[in-house]
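Residue numbers (our numbering): 648 to 894.
Given below as structure tokens:
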């Protein structure tokens, strides 16, 4: 149990989880923010207390599935806090999902710009510049960040591609090179329809695209542990497609 003199607010990765955001590589500690003037804070070893004020505008009451009500930082404040305190990729994963769920970029930039010199503000600016709500999963976010480090033209994300009367939305697409990079997370296939049905539809989809001249690089979670290899595979495919166009 957390004991403080002053009102505590769930914050950082804990607030992100309460908001239902994707959280990756943030640890299991419970984060709470308490007024900077509070004293006598104590708690379990897995509780991280942050001595910082959270204004009324930066917190909200969330109603959980079991009916419990908790006080947590807003979507925007949560992203900014995580951008200040978490690793870059972990913070972008949270921020991408928040933006997809309606978090205001203007509000987040205002928060960051109102606190020059504060710890982690430079990190937060870098995170905000990297956010893109078109990424639909943590794996897509991490893949996008790896591609962003490559010295090649950046791909389009989730754009409509019409082939043989069917409209597809590849994760990453280079139109000129006719190259598609897909991150294959389990939930992408198994969350909404029976497994055999989904796999059959995916095979038909890929066949149509390949018959139309498109090439694929498919990535899974274990590939992302080796960014250099991911870059090598994409770069090889990119240049192969580029050469085919020039031939």
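Backbone N, C-alpha and C define an ideal beta-carbon position, used for all residues, glycine too.
Classification of residue i by the beta-carbon crowding that lies within 10 angstroms, buried from 16 upward
i           : result
residue 881 : buried
residue 800 : exposed
residue 909 : Nothing can be reported for residue 909: it is not among the residues displayed for the chain, which extend from 648 to 894.
residue 869 : exposed
residue 824 : buried
residue 827 : buried
residue 680 : buried
residue 872 : exposed
residue 658 : buried
residue 667 : exposed
residue 678 : buried
residue 892 : exposed
residue 802 : buried
residue 702 : exposed
For residue i, three-class secondary structure by DSSP
i           : result
residue 885 : helix
residue 677 : strand
residue 668 : coil
residue 856 : helix
residue 649 : The predicted position of residue 649 is uncertain, since its pLDDT is 45 and thus under 50; no value can be drawn from it.
residue 862 : strand
residue 732 : helix
residue 725 : helix
residue 600 : This structure does not reach residue 600, given that the chain is present from 648 up to 894, and the question cannot be answered.
residue 823 : coil
residue 745 : helix
residue 719 : strand
residue 880 : helix
residue 847 : helix
residue 711 : coil
residue 706 : strand
Residue from the options whose Cα sits closest to the Cα of residue i
i           : options               : result
residue 864 : 733, 818, 654 and 872 : 818
residue 714 : 769, 884, 758 and 665 : 665
residue 783 : 658, 657 and 669      : 669
residue 695 : 702, 675, 712 and 757 : 675
residue 663 : 654, 742 and 712      : 742
residue 697 : 656, 667, 718 and 711 : 656
residue 883 : 873, 781, 862 and 871 : 862
residue 786 : 867, 860, 757 and 711 : 867
residue 831 : 710, 849 and 821      : 849
residue 751 : 768, 779, 769 and 767 : 779
residue 748 : 781, 731 and 894      : 781
Heavy atom of the ligand COA within 7 Å of residue i beta-carbon
i           : result
residue 654 : With respect to the ligand COA, the structure shown offers nothing to examine, as it has no ligands at all.
**Request:** Pair every Cβ in the region 719-735 with every Cβ in the region 698-711, then say whether three or more of these pairs are closer than 8 Å.
**Result:** yes
**Request:** Please go through the region 777-819 and give each complete alpha helix (DSSP H) segment of 4 or more residues, from N-terminal end onward.
**Result:** 785-795
**Message:** With a threshold of 8 Å, are at least 3 pairs of Cβ atoms found where one atom belongs to the region 729-736 and the other to the region 767-781?
**Reply:** yes
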